[in-house]
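There are 2 protein chains.
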Amino acid sequence: MTVLNATHDPARRSWIDSANLPGADFPIQNLPFGAFERDGVARAGVAIGEHAVDLQALAGSGLLDAGSDAALACEATRDGTLNRLMAMPHRYASALRAALADLLKSDAPQRARVQQQTDALLPRIDSLALRLPCEVGDYTDFLTSLHHTERHGRYKGLADPLPPAFKSLPIAYHGRASSLRVSGGDVRRPHGQYRDANGQIVFGPAPALDFELELAAWIGQGNAFTQPIAVDDAAAHIFGYSLLNDWSAKSIQWFEQVLGPFLGKSFHSSVSPWIVTSEALAPFRKALAARASDDPPLMAHLHGARDQQEGGLHLELHAHLSTRHLREAGADAVRITHTHLDNLYWTFAQMVAHHTSNGCNLRPGDLLGSGTISGADDAARACITELTNAGRDPLRLPNGETRTALEDGDEIVLSARATKAGAVSIGFGECRGRIAPAFAFASGEAEAAA
Amino acid sequence: MTVLNATHDPARRSWIDSANLPGADFPIQNLPFGAFERDGVARAGVAIGEHAVDLQALAGSGLLDAGSDAALACEATRDGTLNRLMAMPHRYASALRAALADLLKSDAPQRARVQQQTDALLPRIDSLALRLPCEVGDYTDFLTSLHHTERHGRYKGLADPLPPAFKSLPIAYHGRASSLRVSGGDVRRPHGQYRDANGQIVFGPAPALDFELELAAWIGQGNAFTQPIAVDDAAAHIFGYSLLNDWSAKSIQWFEQVLGPFLGKSFHSSVSPWIVTSEALAPFRKALAARASDDPPLMAHLHGARDQQEGGLHLELHAHLSTRHLREAGADAVRITHTHLDNLYWTFAQMVAHHTSNGCNLRPGDLLGSGTISGADDAARACITELTNAGRDPLRLPNGETRTALEDGDEIVLSARATKAGAVSIGFGECRGRIAPAFAFASGEAEAAA
């Protein structure tokens, strides 16, 4: 059963005004972890409103009780990544969030002491170069939306659009860890081999770029090699969640895919910088919907009483698109996707249990993507391939532009919010990326037969 | 053009007798790099005969010129892994190998000084706990044997057993880095979901375990994100090679595979402990065979004049099987595979060029497996699935045992030798693993519907 504590108290406000604004992603009830560079040094931090607590500065501030769990948690981030903190039991990160909440709340006894060190302790987030929050040993991407999977099966003309294994296990593939990047900046259009309109195999800038809106879990404590994690123990191994944009070069993927996605994905994957902790999400847990009566029975190692009771989240997710023309005209980005985590057929606990069921070891900082979170509704289609019915019905923007794929200059921003009556709503920040034109290829742009 | 130097001199012998034995894997011309634990501390080393140079001891021995490239290379391994050395230009590892060859050759001027420190400097390999030679950021597995691919296509009953992309690009998938293990010890039979003989989906110990004989390249210097590596620059990015056994749980793989292999592989992958350097393999380089006239033209970014001239290796590879009964009877392991690197359709330089063609970044210590190195001949089938014609023709051992898959207690040993007239033959050591029975599953062995 989920336990709530003082950090969840909906009455709390912070003396940092931007944390109290309606719709703020990072109120005092959130306090997500991240990393950034400051004065040329990698540091870990905790977001509050439009600011980030610099944990290296905090460690030297004297504001934490020496030897306390909170101080030990803070010390564990000294190398500027969260890996060591993630490897520790939840109570350390929990103690640090509780200590920060006590320092940052409106009626904090130590408010004056903190405010004396504001410049060192609480830089504005927009002044920082954000980094990946940790080193990712392995990145796994799942395929857990039935609607996303069924639609793609229909586009391929399959008699049964759902793979036979879909309802028996959460389908997944190993992703590329080296090409994970934090939100922001350019997403360079990749070169690759694909079939052109005449069916000829060519090599050049990939024409069919897409986004995929996903939620991703960060592994905290790992498991020993050969020792599976039981589904109801999985929560103890998930440190928190971020947004993931699994950028896809569909033309490359369609041609290359024999043993799964490879170069069609590994040119760039974007994650939002702040890890919203499992603890902060506790008030938004919800029970799973009953399995359909004609679904195959759930195997015991994927069934957990606790997971059934609280494996879901009251979480809505969005994607916005802006184009160069829209920005030049001063127009807002257009919301193209509005979906819900309910649209996943499998829970993250089931993904963890399945992933480790063969003895595979997860390590602190590993990333598990949900797969594209598409729903049954048209508005809940979470990639352009689905939004355009595989290109048949182009996406029409308010200024008359149309899209069947992302063009150079197009920018996608993913966002998400957990909301429930009686709790202060929290957000995930944004996962942003803008398509940049392909570089000229060093071996010569024009490919000739050798 | 490959440059040979004094470390390749076939006339050289070592004062360490085991390095001069006929058929020794690690003569003074090889000097491969590895890592091990000694006195509870991770250290890097270089193999010579039945001994390993302890590079931590060497760094403190005064035997290397302070500030020399060799000394800097040695210092770079102080953390007990090779990652930092791999990230340096080839000349550092080359200088260290040359310095070691000068210390270990029969007529070494400093022979007496080295021999005074033999216990510290030159432990026997069999006294050491070997480790993975480096931290692997990402592991990629290719599918580059036409014969392996065609046979599997035929087993599936495909009209065209070769995927359309096979001759246009080296097909690959991302593997799991966390479950890579150094040669030796148990390979625990995994649990997983699969279809039983009645077509029912069940969860239990995987019945159809197989081995796959592969060669794997270790990446040295990486490439910057978005900056592809040209095929003829790839050699500068490959530090060396080891053997890889890509253990496969075929029953799991057949059921799960929608987006490529996942739990059917990630329970354990074994690599041989010693990295045979690209430099040591230089005498064994060979030109590629001409492409078949009906093959599609090779795209320019996969064609390199240097790669065409020396992208191959005079390298034979073997797999031996022993069973519990064979060992109890004191019988030798049975050679079940004898193949050659010629059986790959793509070179490692082409794999590197393809892998980075979309801008994906490789990092020092990344591992690229060749895929199963099966040839056209029956003897050159490099996994049990092929050796048994997908189970139709069981493998018959001299003692009357038969196999269509690996059973508990079965042990596979992979080995390889580079041989060419005029050069001292070098070996790779062994890649060994023994199947151990599945652990009882924590959630309950008997799977019930929930």
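The listed protein sequences correspond, in order, to chains P and X. Residue 286 in this note's numbering sits at position 286 of the first sequence; the count goes up by one each step and never skips. Residue 592 in this note's numbering sits at position 142 of the second sequence; the count goes up by one each step and never skips. Every residue, glycine too, gets a C-beta built ideally from N, C-alpha and C. In this text the structure is predicted, and so the values were computed from the model without any measurement.
By DSSP, does residue i sit in helix, in strand, or in coil?
i, result
"residue 469 of chain X", "helix"
"residue 681 of chain X", "helix"
"residue 810 of chain X", "coil"
"residue 606 of chain X", "coil"
"residue 383 of chain P", "coil"
"residue 542 of chain X", "helix"
"residue 431 of chain P", "strand"
"residue 150 of chain P", "helix"
"residue 252 of chain P", "helix"
"residue 559 of chain X", "coil"
"residue 324 of chain P", "helix"
"residue 44 of chain P", "strand"
"residue 641 of chain X", "strand"
"residue 550 of chain X", "helix"
"residue 571 of chain X", "helix"
"residue 784 of chain X", "strand"
"residue 277 of chain P", "strand"
"residue 793 of chain X", "helix"
"residue 717 of chain X", "coil"
Compute the Euclidean distance between the alpha carbons of residue i and residue j, then round it to the nearest angstrom.
i, j, result
"residue 186 of chain P", "residue 132 of chain P", "15 angstroms"
"residue 622 of chain X", "residue 593 of chain X", "6 angstroms"
"residue 898 of chain X", "residue 697 of chain X", "At residue 898 of chain X the pLDDT is 39, less than 50, meaning the model places this residue with poor confidence; the figure from the coordinates comes in the next sentence. Near 29 angstroms, if we compare the C-alpha coordinates of residue 697 of chain X and residue 898 of chain X."
"residue 96 of chain P", "residue 73 of chain P", "6 angstroms"
"residue 456 of chain X", "residue 868 of chain X", "18 angstroms"
"residue 147 of chain P", "residue 299 of chain P", "22 angstroms"
"residue 4 of chain P", "residue 11 of chain P", "14 angstroms"
"residue 727 of chain X", "residue 515 of chain X", "23 angstroms"
"residue 873 of chain X", "residue 481 of chain X", "15 angstroms"
"residue 615 of chain X", "residue 78 of chain P", "47 angstroms"
"residue 570 of chain X", "residue 496 of chain X", "14 angstroms"
"residue 474 of chain X", "residue 501 of chain X", "12 angstroms"
"residue 493 of chain X", "residue 508 of chain X", "11 angstroms"
"residue 751 of chain X", "residue 236 of chain P", "47 angstroms"
"residue 400 of chain X", "residue 204 of chain P", "Summary: the structure shown does not reach residue 400 of chain X, with chain X confined to residues 451 through 900, and so no result is reported for it."
"residue 567 of chain X", "residue 241 of chain P", "53 angstroms"
"residue 838 of chain X", "residue 829 of chain X", "11 angstroms"
If you count every other CB in all the chains shown that lies within 10 Å of the CB of residue i, and 16 or more means buried, which is it?
i, result
"residue 852 of chain X", "exposed"
"residue 62 of chain P", "exposed"
"residue 815 of chain X", "buried"
"residue 308 of chain P", "buried"
"residue 880 of chain X", "buried"
"residue 188 of chain P", "buried"
"residue 804 of chain X", "buried"
"residue 181 of chain P", "buried"
"residue 775 of chain X", "exposed"
"residue 579 of chain X", "exposed"
Between residue i and the ligand MG, is there a pair consisting of the residue's CB and a ligand heavy atom that are separated by less than 7 angstroms?
i, result
"residue 573 of chain X", "The ligand MG is absent from the structure shown, which contains no ligands of any kind."
Say whether chain C places a C-beta atom closer than 8 angstroms to the C-beta of residue i.
i, result
"residue 626 of chain X", "The question asks about chain C, but that chain is absent: this structure's protein chains are P and X."
Chain X contacts made by the stretch 195-216 of chain P, where a contact means CB separation under 7 angstroms: 201 and 203
Cβ contact check for the stretch 152-161 of chain P and the stretch 794-802 of chain X: 3 or more pairs under 8 angstroms: no
Short-range partners of chain X found in the stretch 271-300 of chain P, where Cβ spacing is below 8 angstroms: 296, 297, 298, 299 and 300
Contact list for the stretch 359-370 of chain P against chain X, Cβ threshold 9 angstroms: 359, 360, 361, 362, 363 and 366
Segment contact flag, the stretch 224-239 of chain P with the stretch 176-194 of chain P, C-beta cutoff 8 angstroms, min 3 pairs: no
Sufficient close CB pairs (3 or more, under 8 angstroms) joining the stretch 857-868 of chain X to the stretch 755-766 of chain X: yes
The stretch 270-289 of chain P / the stretch 730-739 of chain X touching (three or more Cβ pairs under 8 angstroms): no
Short-range partners of chain P found in the stretch 528-545 of chain X, where Cβ spacing is below 7 angstroms: none
The stretch 662-679 of chain X contacting the stretch 817-830 of chain X, beta-carbon criterion three pairs below 8 angstroms: yes
Chain X contacts made by the stretch 178-195 of chain P, where a contact means CB separation under 7 angstroms: 178, 179, 188, 190, 191, 192 and 193
Inter-stretch contact at 8 angstroms, needing at least 3 Cβ pairs: the stretch 637-645 of chain X / the stretch 704-713 of chain X: yes
Near-chain X residues of the stretch 113-141 of chain P - C-beta to any C-beta below 7 angstroms: 137 and 138
At least 3 beta-carbon pairs within less than 8 angstroms: the stretch 841-849 of chain X vs the stretch 781-789 of chain X: yes
Interface positions of the stretch 689-713 of chain X facing chain P (Cβ-Cβ less than 9 angstroms), listed along the chain: 699, 702, 705, 706, 707, 708, 709, 710, 711, 712 and 713
Residues from the stretch 152-171 of chain P in contact with chain X, defined by Cβ distance under 7 angstroms: 163, 165, 168, 169 and 171
Cβ contact (3+ pairs, closer than 8 angstroms) linking the stretch 216-226 of chain P and the stretch 258-266 of chain P: no
The stretch 532-546 of chain X in contact with the stretch 432-439 of chain P per 3-pair CB rule at 8 angstroms: no
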